[in-house]
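Residue numbers (our numbering), protein chains in the order written: chain A, 24 to 218; chain B, 33 to 290; chain C, 5 to 371.
Ideal Cβ positions, reconstructed from N, Cα and C, are used throughout, including at glycine.
See structure below.
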Amino acid sequence: MERKRSIKIVVAGEGGQGVQAVAEILAEAAYEDGAQALYIPAFGVEQRGGVSLAFLQISDQPVAAPKFEKGDIVVALSERAVRRTRQYVGPETVFIYDGLAEIKEEELPRTARRILNIPAVAVARAELHPRVFNIVIMGAVIGATRVVPVDQAKKALEKRLGYKFEQDPKLRELNHRALERGVELVDGILKGGGN
Amino acid sequence: MTVKPAMPESWRLETKPHKFCPGCGHGIALRALGQAIDELGIQDRVVFGCDIGCSLLAWDFFNVDSVQTHHGRTTPVVTGIKRANPELICVAYMGDGGGYAIGAQHLVNAAGRNERITVILANNTQYAMTGGQMAPTTLPGQKTETSPYGRDPEATGHPAKGPEMVAAITGEDAYVARGTVSKLPQLRRMMVRALQNQIEGRGFSFVEVLSTCPTNWRTNAKDTWEFLEKKMPAHFRTGELKVPAAAGKDEDGKKAVH
Amino acid sequence: MSGAVMAEKRVFMTGNEVVAWAAVAARADVMYGYPITPQNEVMHYWTRLAPKHGKIFLQTEDELSAGFATIGGVLAGKKCFTATAGPGNVLMQEPVSMAEMMRLPVVVVVMQRGGPSTATVIYSQQEVTLTTFGGNGEGFRVVYSTAGLQELYDHTIKAFNTAWRYRFPVFVLADGYQAKMREPLTVYDPVERGIEPVAPEPYVGRPGKPGADRPPGHYRNTYNTEEELYAVVLEQAAEYERVAPEIVEHEESGAEGAAVLVVAHGVVARAAKQAVELLRAEGLKAGYFRPVTLRPLPAEALRTAAGRAGRLLVVESAYGQFARLVRDALYGLTVDVVPLYKPGLGITAEEIASRCRELAASSARTE
Numbered sequence: 024m025e026r027k028r029s030i031k032i033v034v035a036g037e038g039g040q041g042v043q044a045v046a047e048i049l050a051e052a053a054y055e056d057g058a059q060a061l062y063i064p065a066f067g068v069e070q071r072g073g074v075s076l077a078f079l080q081i082s083d084q085p086v087a088a089p090k091f092e093k094g095d096i097v098v099a100l101s102e103r104a105v106r107r108t109r110q111y112v113g114p115e116t117v118f119i120y121d122g123l124a125e126i127k128e129e130e131l132p133r134t135a136r137r138i139l140n141i142p143a144v145a146v147a148r149a150e151l152h153p154r155v156f157n158i159v160i161m162g163a164v165i166g167a168t169r170v171v172p173v174d175q176a177k178k179a180l181e182k183r184l185g186y187k188f189e190q191d192p193k194l195r196e197l198n199h200r201a202l203e204r205g206v207e208l209v210d211g212i213l214k215g216g217g218n
Numbered sequence: 033m034t035v036k037p038a039m040p041e042s043w044r045l046e047t048k049p050h051k052f053c054p055g056c057g058h059g060i061a062l063r064a065l066g067q068a069i070d071e072l073g074i075q076d077r078v079v080f081g082c083d084i085g086c087s088l089l090a091w092d093f094f095n096v097d098s099v100q101t102h103h104g105r106t107t108p109v110v111t112g113i114k115r116a117n118p119e120l121i122c123v124a125y126m127g128d129g130g131g132y133a134i135g136a137q138h139l140v141n142a143a144g145r146n147e148r149i150t151v152i153l154a155n156n157t158q159y160a161m162t163g164g165q166m167a168p169t170t171l172p173g174q175k176t177e178t179s180p181y182g183r184d185p186e187a188t189g190h191p192a193k194g195p196e197m198v199a200a201i202t203g204e205d206a207y208v209a210r211g212t213v214s215k216l217p218q219l220r221r222m223m224v225r226a227l228q229n230q231i232e233g234r235g236f237s238f239v240e241v242l243s244t245c246p247t248n249w250r251t252n253a254k255d256t257w258e259f260l261e262k263k264m265p266a267h268f269r270t271g272e273l274k275v276p277a278a279a280g281k282d283e284d285g286k287k288a289v290h
Numbered sequence: 005m006s007g008a009v010m011a012e013k014r015v016f017m018t019g020n021e022v023v024a025w026a027a028v029a030a031r032a033d034v035m036y037g038y039p040i041t042p043q044n045e046v047m048h049y050w051t052r053l054a055p056k057h058g059k060i061f062l063q064t065e066d067e068l069s070a071g072f073a074t075i076g077g078v079l080a081g082k083k084c085f086t087a088t089a090g091p092g093n094v095l096m097q098e099p100v101s102m103a104e105m106m107r108l109p110v111v112v113v114v115m116q117r118g119g120p121s122t123a124t125v126i127y128s129q130q131e132v133t134l135t136t137f138g139g140n141g142e143g144f145r146v147v148y149s150t151a152g153l154q155e156l157y158d159h160t161i162k163a164f165n166t167a168w169r170y171r172f173p174v175f176v177l178a179d180g181y182q183a184k185m186r187e188p189l190t191v192y193d194p195v196e197r198g199i200e201p202v203a204p205e206p207y208v209g210r211p212g213k214p215g216a217d218r219p220p221g222h223y224r225n226t227y228n229t230e231e232e233l234y235a236v237v238l239e240q241a242a243e244y245e246r247v248a249p250e251i252v253e254h255e256e257s258g259a260e261g262a263a264v265l266v267v268a269h270g271v272v273a274r275a276a277k278q279a280v281e282l283l284r285a286e287g288l289k290a291g292y293f294r295p296v297t298l299r300p301l302p303a304e305a306l307r308t309a310a311g312r313a314g315r316l317l318v319v320e321s322a323y324g325q326f327a328r329l330v331r332d333a334l335y336g337l338t339v340d341v342v343p344l345y346k347p348g349l350g351i352t353a354e355e356i357a358s359r360c361r362e363l364a365a366s367s368a369r370t371e
């Protein structure tokens with residue numbers, strides 16, 4: 024199947040939210056899927072106690088600059104992350120956030136083409152485990168972009184967390200569920216025309 | 033039969049007489065080192081590193097592989113050699129400026145890491161090659177080009193006690209001593225023991241050598257000797273400060289030679 | 005060492021990891037290093053690879069010590085390298101000057117961070133002047149400026165051969181982006197591709213008793229007279245100029261008849277290349293020139309390309325450090341040189357393209 028891909032993604036959140044893992048696993052999945060992928064963390068002095076920021080580009084063509092001006096997808100998982108990522112939101116950007124992450128409505132970047140409120144925290148807490156909240160977000164990014172097949176993302180998860188899955192196969196199930204739920208959440212919103 | 037001055041075998045005849053000033057202590061310190069190299073039979077394994085300042089005049093002094101650098105960086109250069117080829121016996125020879133001022137971090141850290149190298153440091157209480165400025169080792173009241181009214185400990189502190197510092201920061205496997213060019217046999221023994229500590233793979237070894245600089249001290253022979261024998265020992269006590277237990281007693285049967 | 009050190013394979017790794025693997029592939033024996041962001045992971049990966057491949061590592065007390073210990077290791081006959089950045093690169097200039105003076109092969113990998121001083125730990129191209137001409141000397145060194153992780157791998161391997169073949173210090177100049185980013189590349193054993201590693205030779209500790217079986221190796225970097233030094237430096241200059249044509253590397257496309265020739269190096273050159281492709285697709289005559297070696301600079305090729313172009317746009321993540329090298333090479337040509345300087349900031353293809361469009365439009369107006 025011929026697919027044309029060229030997508031720029033920013034993921035931002037607080038330390039410990041698993042922001043870098045989301046970007047890294049997506050990058051790995053895209054790479055394994057035969058795409059050109061370039062992932063770079065923002066690693067300023069800020070990395071200690073500041074907003075954690077990841078830049079990811081996936082393309083069929085070689086990626087030029089490691090960073091970019093506007094993201095096609097910008098994910099912000101905290102109020103500080105919303106502020107920090109505002110510069111990367113343009114008129115073509117799909118902005119993803121979690122309404123439960125104490126983000127005020129008026130802080131949201133109105134310039135975005137579309138703003139998606141993904142209740143990843145709530146879903147993870149109610150149905151899965153709070154720890155896989157970032158995997159729900161990853162699923163949402165895949166749902167919004169179809170940049171990598173879900174199966175490829177599962178393989179990348181396996182590569183990264185396989186050793187843990189071996190010890191506790193339930194974890195594998197949990198992560199796969201989280202990924203699928205993320206995709207479903209976006210599908211639901213897009214089909215329902217909500218937000 | 034003509035009597036030739038006894039020259040260590042490891043000295044390089046082609047570069048003698050050496051380039052040090054008359055009355056300079058470097059020649060005696062390097063004689064002790066040469067004798068120690070001869071005694072241990074390690075001429076084919078020694079790498080001699082020398083620093084900037086007067087010590088650099090020794091870059092072609094020995095019939096051993098030699099390398100010259102500056103600012104106390106001789107210590108990391110020979111560390112780099114030793115780590116890359118532990119078979120070699122690596123000696124860093126420098127002055128008090130290189131070891132205690134501009135390159136102090138190298139001495140401190142090489143000692144702290146227990147590098148299997150030997151550092152020999154000539155203490156002549158000032159920077160000689162640059163024209164006699166104050167050094168960390170300058171004595172209280174001593175006049176230098178940058179302390180023309182005498183070193184004032186209130187303003188610039190007290191003479192640095194290098195071997196005491198090295199002894200304090202090293203483990204039990206280090207050898208630390210302070211000798212003087214006025215006692216050649218003792219100095220030679222210290223050099224032998226320092227090198228042995230390296231050869232046997234025990235650890236860091238350090239010998240400070242109280243040395244002379246009549247050129248910058250502006251002293252005649254008698255005053256030079258008096259400065260070395262009377263004034264310097266008042267601040268710098270000679271003897272072995274640290275001897276690894278495994279090294280045993282020295283040949284006089286004394287643990288420390290004061 | 006013989007036999008493949010690694011099977012050829014496609015990998016997805018960070019630049020710092022790439023450097024460590026490339027050093028293993030190049031048969032490097034020793035790394036002496038000191039922590040500074042963004043190159044730390046070079047050491048992290050090297051220390052993990054070291055025991056498996058019989059390699060040596062020492063964390064020194066500072067970059068002076070790392071550089072001088074590297075020189076020591078080279079003297080002992082080992083292939084040694086170090087990696088640094090920013091203020092560490094400032095300190096590194098002192099040992100590199102010694103290597104330059106003594107014609108010792110050392111390899112230094114630099115991951116540029118923001119400057120001056122502490123500045124940022126992230127990214128810049130602000131260590132160009134320092135890396136090409138730092139130290140109290142004439143800049144007789146080789147500087148490869150890489151534009152991505154495949155090149156970082158290839159040129160780190162190449163750096164060892166260049167250093168040991170020509171006995172000038174060699175820098176691999178990358179940056180924080182290349183250090184920290186992850187992208188696909190192919191790692192391979194250079195020997196399997198017919199790239200024979202130049203074997204190192206010991207300067208000290210060769211067999212035999214010095215003075216009896218062989219002359220002692222006496223290595224100094226101090227001279228007594230002006231004339232003595234003058235002769236040494238002139239000899240080095242002649243040698244550097246002689247080998248420079250064998251070392252220079254560049255990349256260019258569409259320079260012939262380009263209305264705008266974009267000149268960039270390192271990671272910025274990727275954006276420049278893409279910008280030029282964008283512009284050409286739009287029908288704008290844009291060209292691209294990228295020196296891979298900043299020292300020696302491919303001056304002849306640059307002059308030729310510039311001579312055929314309407315004007316030059318020099319793009320860099322610094323305030324004119326690279327442009328100074330370019331202008332120096334172009335001396336005597338009348339071609340217009342327009343700057344696009346973003347010190348310490350990444351540059352995108354879109355920015356470069358839009359600046360080119362502006363330039364093309366202003367040329368069209370004046371015509």
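field: Rounded separation between P211/C and D76/B - CA only
entry: The alpha-carbon atoms of P211/C and D76/B are separated by roughly 8 Å.
- request: Could you please give the first and the last residue of the uninterrupted alpha helix (DSSP H) stretch that includes T160/C?
  value: 153 to 170
- prompt: When the Cα atoms are used, what is the spatial distance from Y157/C to R218/C?
  reply: 40 Å
- request: Thinking S243/B and N155/B are a contact (beta carbons under 8 Å), I'd like their distance in whole angstroms, please.
  value: Between S243/B and N155/B a beta carbon distance of about 6 Å is seen, short of the 8 Å cut, so the two are scored as contacting.
- prompt: Do F80/B and R44/B come within 8 Å of each other at the CB atom, strictly closer than that value?
  reply: no
- prompt: What does a CB cutoff of less than 7 Å around A364/C pick up in its chain, not counting 5 residues either side in sequence?
  reply: A263, V264, L288
- prompt: Applying the criterion that 16 or more other CB atoms from any shown protein chain within 10 Å of the CB defines a buried residue, is M185/C buried or exposed?
  reply: buried
DSSP bridge partner residues for F85/C (one or two, in chain order): M35/C, V111/C
field: Nearest-angstrom beta carbon gap, I138/A and A100/A [assumed within contact, 8 Å]
entry: Reading off the sequence, residue 100/A comes out as Leu, not Ala. Between I138/A and L100/A the Cβ distance is about 14 Å, and since that is not below 8 Å, they are no contact.
- request: Mind reading off the beta-carbon distance from G19/C to A183/C? Whole number of angstroms is fine, and I expect it under 8 Å.
  value: Going by Cβ atoms, the distance from G19/C to A183/C rounds to 5 Å, so yes, they are a contact pair.
field: Neighbour flag for N218/A against chain C, beta carbons, 8 Å
entry: Low local confidence applies: a pLDDT of 49 at N218/A is under 50, so the model's placement there is unreliable, with the coordinate-based value given in what follows. No, no contact with chain C.
- prompt: Between the beta-carbon of Y223/C and the beta-carbon of Y234/C, is there less than 8 Å?
  reply: Contact: no.
- request: On the DSSP bridge assignment, give the partners of M166/B in chain order.
  value: Q158/B
message: Can you find the residues in the same chain that come closer than 6 Å, C-beta to C-beta, to D340/C, ignoring five residues on each side of it along the sequence?
response: Correct list, in chain order: R315.
- prompt: For the putative contact between R136/A and T116/A, defined by C-beta atoms under 8 Å, what is the C-beta separation to the nearest angstrom?
  reply: 6 Å
- prompt: Can you tell which of V113/C, A11/C, E256/C has the C-alpha that lies nearest to the C-alpha of T41/C?
  reply: V113/C
field: Residue span of the beta strand (DSSP E) that contains S121/C, given as start and end
entry: Here S121/C belongs to no beta strand (DSSP E), and DSSP marks it neither H nor E.
message: Restricting to Cα atoms, I'd like to know which of M264/B, T251/B, R234/B, K262/B is closest to A335/B.
response: Residue 335/B lies beyond the stretch modelled for chain B, which goes from 33 to 290, so this question has no answer here.
message: I want to see whether chain A comes within less than 8 Å of P42/C, judged by CB atoms only; does it?
response: yes
query: By how many angstroms is the C-alpha of F52/B removed from the C-alpha of I152/B?
result: Cα to Cα, the separation comes out at about 17 Å.
message: Between which residues of its own chain and A143/B is the CB-CB distance below 6 Å, once the five residues before and five after are set aside?
response: V198, I201, T202, F236
task: Pair every Cβ in the stretch 33 to 50 of chain C with every Cβ in the stretch 88 to 105 of chain C, then say whether three or more of these pairs are closer than 8 Å.
output: yes
query: From which residue to which residue does the beta strand (DSSP E) around V236/C run?
result: Here V236/C belongs to no beta strand (DSSP E); instead the alpha helix (DSSP H) covers 230 to 251.
- request: Give me the Cβ distance between A179/A and E51/A, rounded to the nearest whole Å; I'm assuming they're in contact under 8 Å.
  value: Contact check for A179/A and E51/A: beta-carbon distance about 4 Å, within the 8 Å limit, so the pair qualifies.
- prompt: So, helix, strand or coil for Q174/B, using DSSP?
  reply: In this structure, Q174/B counts as coil in the three-state DSSP scheme.
- request: Determine the chain C residues that contact Q110/A at a beta-carbon separation under 9 Å, and present them in chain order.
  value: Residues of chain C passing the Cβ test: none, with the nearest at roughly 12 Å.
- prompt: So which residues of chain A does Q278/C contact, with C-beta pairs closer than 7 Å?
  reply: A87
- request: Enumerate in chain order the residues of its own chain whose CB-to-CB distance from V306/C is below 8 Å, with the five nearest sequence positions on each side excluded.
  value: According to the sequence displayed, residue 306/C carries Leu and not Val. By the criterion of a C-beta distance shorter than 8 Å, L306/C is surrounded in its chain by H254, V267, F293, P295, V330, A333, L334, once the five residues flanking it on both sides are discounted.
field: Buried or exposed by the 16-neighbour rule on C-beta atoms within 10 Å, applied to R148/A
entry: exposed
- prompt: Listed in chain order, which residues of the stretch 101 to 115 of chain B have Cβ atoms closer than 7 Å to some Cβ of chain C?
  reply: Of all residues in the stretch 101 to 115 of chain B, only T101, R105, P108, V109, V110, T111, G112, I113, R115 place a beta-carbon less than 7 Å from a beta-carbon of chain C.
- prompt: Near E119/B, what residues of its chain come up, given a Cβ to Cβ distance below 8 Å and the 5 sequence neighbours on each side ignored?
  reply: So the qualifying residues of the chain are R77.
- prompt: Cα separation between M126/B and D83/B?
  reply: Cα to Cα, M126/B sits roughly 5 Å from D83/B.
message: Given this structure, state the Cα-to-Cα distance separating A167/C from M47/C, to the nearest angstrom.
response: 21 Å
task: Would you tell me roughly how many angstroms separate the C-alpha atoms of E47/A and L151/A, rounded to the nearest one?
output: 22 Å
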